[in-house]
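> Structure provided below as structure tokens; questions to follow.
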Amino acid sequence: MASNSQIENGKILPTWGILGAGAMGWLWTYYLQRAKIGTLLLQRQNTSYRECIIQKDSIFENCRTSAIKSDNPCLPALDALIIATKAYSVRNALLPLQEVLSSKQIPIILLQNGLGVFEEVRQLLPEQPILILSTSNGAYWHESAFLKLTGIGYSYFGTLDNSVPDSLKQVLLKQLKATGLPVLFTDNILKQLWEKLLVNCSINSLSALWLCRNGDLLDNRNSKQIWKRIVQEGVQVMRLELHQEVEPSEILTFIEQVAYKTSANYSSMCEDRRRNRPNEVDYIQGYLVRKAHQHNVSVPTLETLAELLKFPENSSLKPTPN
Ligand code: PAF
598 MASNSQIENG KILPTWGILG AGAMGWLWTY YLQRAKIGTL LLQRQNTSYR
648 ECIIQKDSIF ENCRTSAIKS DNPCLPALDA LIIATKAYSV RNALLPLQEV
698 LSSKQIPIIL LQNGLGVFEE VRQLLPEQPI LILSTSNGAY WHESAFLKLT
748 GIGYSYFGTL DNSVPDSLKQ VLLKQLKATG LPVLFTDNIL KQLWEKLLVN
798 CSINSLSALW LCRNGDLLDN RNSKQIWKRI VQEGVQVMRL ELHQEVEPSE
848 ILTFIEQVAY KTSANYSSMC EDRRRNRPNE VDYIQGYLVR KAHQHNVSVP
898 TLETLAELLK FPENSSLKPT PN
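Using the numbering used here, you'd call the opening residue of the sequence shown number 598 and step up by one each time.
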């Protein structure tokens, strides 16, 4: 088994790899460790461990994980690998790992916002068990100093093809549930991904353009009007993609619930804009627009948002680190 397997009371603890040390990578590192699951951060640096300060409610904790350079050919036999990079980085981040992952058939769990990443990874790793964890937990970096966990939402766990045997799904689900976070298995993860896509189209677009927290959008007349238009347009495409009825008012309520639960949060797209970093527009608003065009559905609001959100391409500001 893995050379860096962690042992407690004579028992080998499961070890999960985390690729991507952003807010979501650290959030899951923190919760997996609380579930007594060993973590190994796969990173660009060549250090054997990494640390981060986490704030949950008013408590600050130091989270420390073993780490390894992600192109190290001696990757241990991980029980699962969470991919927590931005959607546009997944392919390049996985390229150096392609051989070792497929030879060990390590299950991959994708965390990205938006849609389209599963297909990219499937192309790279045709035989791999690939799962998706769609979550609306909030976390953001407070002045680059520590990670603030801001809201707990349901996480849906599932897959988009039949690459994962039921027994493996159950083992991974049990370990995820041991974190104490509400995780539900679903046979229809695509529906959850579309609902989340509309949440991200609504909350992330406006918070990034107006540089505000998610909660600031709740009492704002303009945002409510724009959300209605986004949902009206998005639901038409969603119905055609899912071949099922979708109720716009339910999606609007869900958007409001997520904004409420994560009100203290700066959305990921808002954070990207604040740091003048690339964002996930091509996997969120852009994905929806591409699908709408395939179905000949008119989505003018989403088209405009997708163009407005082309940062940092259209900005002259310099990117800043975390
Ligand atoms: O992208 C994000 O920031 C998150 O998906 C969410 C749920 C909108 C919370 O900020």
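We put the beta carbon where it would ideally sit given N, CA and C, even for glycine.
Nothing here was measured: the structure is a model prediction, and the numbers come from that model.
Mark Pro897 as exposed unless 16 or more other C-beta atoms lie within 10 angstroms of its C-beta, in which case mark it buried.
The residue you call residue 897 lines up with position 300 of the sequence shown. Exposed, by the Cβ-count rule.
> Comparing C-alpha positions only, which one of Asn659, Leu746, Thr776, Arg631 sits nearest to Ala620?
By 1-based counting over the sequence shown, the position of residue 620 is 23. Ranking the options by Cα distance to Ala620, first place goes to Leu746.
> Report the three-state DSSP secondary structure of Arg818 (helix, strand or coil).
Residue mapping note: residue 818 aligns to position 221 of the sequence shown, counting from 1. Helix, per DSSP.
> For a quick check, are the C-beta atoms of Ala684 and Val714 less than 8 Å apart?
Here residue 684 refers to the residue found at position 87 when the sequence shown is read from its first residue. Here residue 714 refers to the residue found at position 117 when the sequence shown is read from its first residue. Cβ distance < 8 Å, so Ala684 and Val714 count as in contact.
> Strictly closer than 6 Å from CB to any heavy atom of ligand 1: give me those residues in the order they appear in the chain.
This selection yields Asn710, Ser733, Gly735, Val796, Asn797, Ile800, Asn801, Asn811, Val855, Thr859, Asn862, Ser864, Ser865.
> If we require 3 or more residues per run, which beta strand (DSSP E) segments fall completely within the stretch 765 to 805?
780 to 782, all fully within the stretch 765 to 805.
> Applying the criterion that 16 or more other CB atoms from any shown protein chain within 10 Å of the CB defines a buried residue, is Pro762 buried or exposed?
Indexing the sequence shown from 1 puts residue 762 at position 165. Flag for Pro762 reads exposed.
> Can you name, in chain order, every residue of its own chain whose Cβ lies under 8 Å from the Cβ of Val855, other than the five neighbours on each side?
Start at 1 with the first residue of the sequence shown, and residue 855 comes out as number 258. Excluding residues within five positions, the ones whose Cβ falls inside 8 Å are Ser733, Gly750, Val796, Ile800, Asn811.
> Check Glu910 in the structure and name its three-state DSSP category.
Taking the first residue of the sequence shown as position 1, residue 910 is located at position 313. Here Glu910 sits in coil by DSSP.
> Our contact map puts Leu899 next to Gly831 with C-beta atoms below 8 Å; I'd like the distance itself, whole angstroms only.
As a working note, residue 899 is residue 302 in the sequence shown. As a working note, residue 831 is residue 234 in the sequence shown. That belief holds up - the Cβ atoms of Leu899 and Gly831 are roughly 7 Å apart, short of 8 Å.
> Pairs of beta-carbons, one from the stretch 860 to 870 and one from the stretch 834 to 844, closer than 8 Å: are there three or more?
These segments do not touch.
> Express the C-alpha separation of Leu708 and Asp869 in angstroms, rounding to a whole number.
Numbered from its first residue, the sequence shown carries residue 869 at position 272. Numbered from its first residue, the sequence shown carries residue 708 at position 111. Looking at the two C-alpha atoms, the distance is approximately 17 Å.
> Please say whether Pro909 and Arg871 have beta carbons closer to each other than 8 Å?
If you number the sequence shown from 1, residue 871 lands on position 274. If you number the sequence shown from 1, residue 909 lands on position 312. Result no, Cβ atoms of Arg871 and Pro909 do not sit closer than 8 Å.
> Based on Cα-Cα distance, which residue from Asn689, Ile703, Met835 lies nearest to Pro611?
Here residue 611 refers to the residue found at position 14 when the sequence shown is read from its first residue. The option with the nearest alpha carbon to Pro611 is Ile703.
> Under the assumption that Arg682 contacts Gly617 (Cβ atoms under 8 Å), give the Cβ distance between them as a whole number of angstroms.
Taking the first residue of the sequence shown as position 1, residue 682 is located at position 85. Taking the first residue of the sequence shown as position 1, residue 617 is located at position 20. Correcting the residue identity first, residue 682 is Thr in this sequence and not Arg. At roughly 4 Å, the Cβ-Cβ gap stays under 8 Å, so Thr682 and Gly617 are in contact.
> Where Ile827 and Cys798 are concerned, what is the direct C-alpha to C-alpha distance, given to the nearest angstrom?
Walking along the sequence shown from the start, residue 827 turns up at place 230. Walking along the sequence shown from the start, residue 798 turns up at place 201. If you take the alpha carbons of Ile827 and Cys798, they lie about 7 Å apart.
> So who's on the other strand from Asn759, going by DSSP bridges?
Along the sequence shown, read from residue 1 onward, the residue named residue 759 stands at position 162. DSSP, once it has assigned bridges, lists no residue as partnering Asn759.
> Between Lys653 and Val894, what straight-line distance do the alpha-carbon atoms span, to the nearest angstrom?
As a first step, residue 653 is located in the sequence shown; it is residue number 56 there, counting from the start. As a first step, residue 894 is located in the sequence shown; it is residue number 297 there, counting from the start. Approximately 43 Å between the Cα atoms of the pair.
> For the beta strand (DSSP E) holding Asn659, just list the boundary residues, first then last.
By 1-based counting over the sequence shown, the position of residue 659 is 62. Taken as a continuous stretch (DSSP letters only), the beta strand (DSSP E) holding Asn659 covers 656 to 666.
> What is the rounded straight-line gap between the Cα of Val697 and the Cα of Ala664?
Along the sequence shown, one-based indexing puts residue 697 at 100. Along the sequence shown, one-based indexing puts residue 664 at 67. Taking the straight line from one Cα to the other gives about 17 Å.
> Looking at Gly622 and Leu637, is the spacing between their C-beta atoms short of 8 Å?
In the sequence shown, counting from the first residue as 1, residue 637 sits at position 40. In the sequence shown, counting from the first residue as 1, residue 622 sits at position 25. The answer is no: Cβ separation not under 8 Å.
> Measuring CB to CB, does Pro723 end up less than 8 Å from Leu765?
As a first step, residue 723 is located in the sequence shown; it is residue number 126 there, counting from the start. As a first step, residue 765 is located in the sequence shown; it is residue number 168 there, counting from the start. No, the Cβ-Cβ distance between Pro723 and Leu765 is not below 8 Å.
> Tell me whether the stretch 771 to 778 and the stretch 875 to 889 touch, counting them as touching only if at least three CB pairs, one residue from each stretch, are closer than 8 Å.
Taking 8 Å as the limit for Cβ pairs, the verdict is that the stretch 875 to 889 does not touch the stretch 771 to 778.
> Just how far apart, CA to CA, sit Glu605 and Asp676?
Reading the sequence shown from its first residue, position 8 is the one you call residue 605. Reading the sequence shown from its first residue, position 79 is the one you call residue 676. Straight-line Cα distance between these residues: approximately 17 Å.
> Tell me the residue span of the alpha helix (DSSP H) that contains Thr850.
As a first step, residue 850 must be located in the sequence shown, where it is residue number 253. That run of the alpha helix (DSSP H) goes 845 to 858.
> Whole alpha helix (DSSP H) runs in the stretch 669 to 712 with 4 or more residues, listed along the chain?
Complete alpha helix (DSSP H) runs here, min 4: 687 to 691, 695 to 701.
> In three-state terms, what does DSSP make of Arg870?
Position 273 of the sequence shown, counted from the first residue, corresponds to residue 870. It is helical.
> Who does Ile729 pair with in a DSSP beta bridge?
As a working note, residue 729 is residue 132 in the sequence shown. Per DSSP, Leu707, Gly755.
> Assuming the contact rule is C-beta atoms closer than 8 Å, Val718 and Ile706 should be a hit. Round their C-beta distance to whole Å, please.
As a position in the sequence shown, residue 718 is number 121, starting the count at 1. As a position in the sequence shown, residue 706 is number 109, starting the count at 1. Not quite, the Cβ-Cβ distance comes to about 11 Å (not below 8 Å), so this is no contact.
> Which residue marks the beginning of the beta strand (DSSP E) containing Arg647, and which one marks its end?
Along the sequence shown, one-based indexing puts residue 647 at 50. Its beta strand (DSSP E) spans residues 646 to 653.
> What do you get for Ala742, buried or exposed, if any count of 16 or more other CB atoms within 10 angstroms of its CB means buried?
Sequence index remark: in the sequence shown, residue 742 carries index 145 (1-based). Exposed.
> Who are the near neighbours of Ile848 in its chain, counting only those whose CB is closer than 7 Å to its CB and skipping five residues on each side?
Here residue 848 is taken as the residue at index 251 of the sequence shown, counted from 1. So the qualifying residues of the chain are Glu792, Leu795, Val828, Val832.
> Going by beta carbon distance, what residues of the same chain come within less than 7 Å of Ser920, once the five residues before and after it are set aside?
Outside the displayed range of the chain (598 to 919) lies residue 920, so it cannot be described from this structure.
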